[in-house]
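Residue numbers for the sequence shown follow numbering that gives the first Met the number 0, beginning at 0 and rising by one. Idealized CB from N, CA, C, for every residue including glycine. Treat the numbers as computed from the prediction; the structure is a model and nothing was measured. Working notes, structure below.
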Amino acid sequence: MIKAIEYFLEIIRGALVTSRHFIVNMWFHILNLFGIKTKRKGAVTIQYPEEKKELAYRHRSLHRLLKRDNGRPRCVACQLCATTCPSECIYIEAAEDPDDDEFQKYPATFIIDLSRCCFCGFCVEACPEDALRMDTQKIEIAEYNRRDLIYDLTKLTQ
Numbered sequence: 000m001i002k003a004i005e006y007f008l009e010i011i012r013g014a015l016v017t018s019r020h021f022i023v024n025m026w027f028h029i030l031n032l033f034g035i036k037t038k039r040k041g042a043v044t045i046q047y048p049e050e051k052k053e054l055a056y057r058h059r060s061l062h063r064l065l066k067r068d069n070g071r072p073r074c075v076a077c078q079l080c081a082t083t084c085p086s087e088c089i090y091i092e093a094a095e096d097p098d099d100d101e102f103q104k105y106p107a108t109f110i111i112d113l114s115r116c117c118f119c120g121f122c123v124e125a126c127p128e129d130a131l132r133m134d135t136q137k138i139e140i141a142e143y144n145r146r147d148l149i150y151d152l153t154k155l156t157q
């Protein structure tokens, strides 16, 4: 009998906690509706296409390849990003560069398949030349065709 009473007391205690959270959040929604307490961080709905939430500085978004001063990609085709990628979405073909004395190799093809990418950021961490970054702040990458999610060298260096 005592366990049954303790059981119902815990149910009532949980219902009170839930009710308290509901009332507090509803109160802040009402204040936000009338323009009061608009700076509160919490459960306030953002109207997405019109209002965009500010992304964190370290947010991992769409990839980009950095260029050198001469306009060529900074990548030296070392294959480290493709090796560390857990979803195997990076494909690189290296080519010899006879004109450049400092860097002998460059990527003839550099392809990232975003339909397979899990945006883990391992490729960015593995790059010794700091050529690959995920700081474009572009998160809207939905496409109607999967072929449009394959980013090659020209798309990545734009």
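Using a 10 angstroms sphere on the CB of Y150, the tally of other CB atoms reaches 16 or more, which defines it as buried.
The C-beta distance from A107 to E92 rounds to 5 Å, short enough to fall under 8 Å.
For Y6, the secondary structure class from DSSP, reduced to helix, strand or coil, is helix. For Q78, the closest of D68, G70, L65 and Y105 by C-alpha to C-alpha distance is Y105.
With respect to the 9 Å criterion, C122 and L113 are not classified as neighbours on the basis of their beta carbons. The three-state reading of DSSP puts F121 in helix, counting H, G and I together. Y6 has its alpha-carbon roughly 17 Å from the corresponding atom of T17.
By the 16-neighbour rule on beta-carbons within 10 angstroms, C88 is buried. Distance from L64 to P72 at the Cβ level is roughly 5 Å; contact confirmed, criterion being Cβ atoms closer than 8 Å.
Taking the Cα positions, E128 is about 29 Å away from E53. Within the DSSP secondary-structure output, K66 pairs in a beta bridge with P72. Around the beta carbon of I22, fewer than 16 other beta carbons lie within 10 angstroms, which makes this residue exposed.
In this structure, the alpha-carbon of D100 lies about 50 Å from that of Y47. Boundaries of the alpha helix (DSSP H) harbouring T82: L79 to T83, taken from the DSSP string.
Under a 10 Å Cβ-count criterion, C117 is classified as exposed, with fewer than 16 other Cβ atoms of the shown protein chains found around its own Cβ.
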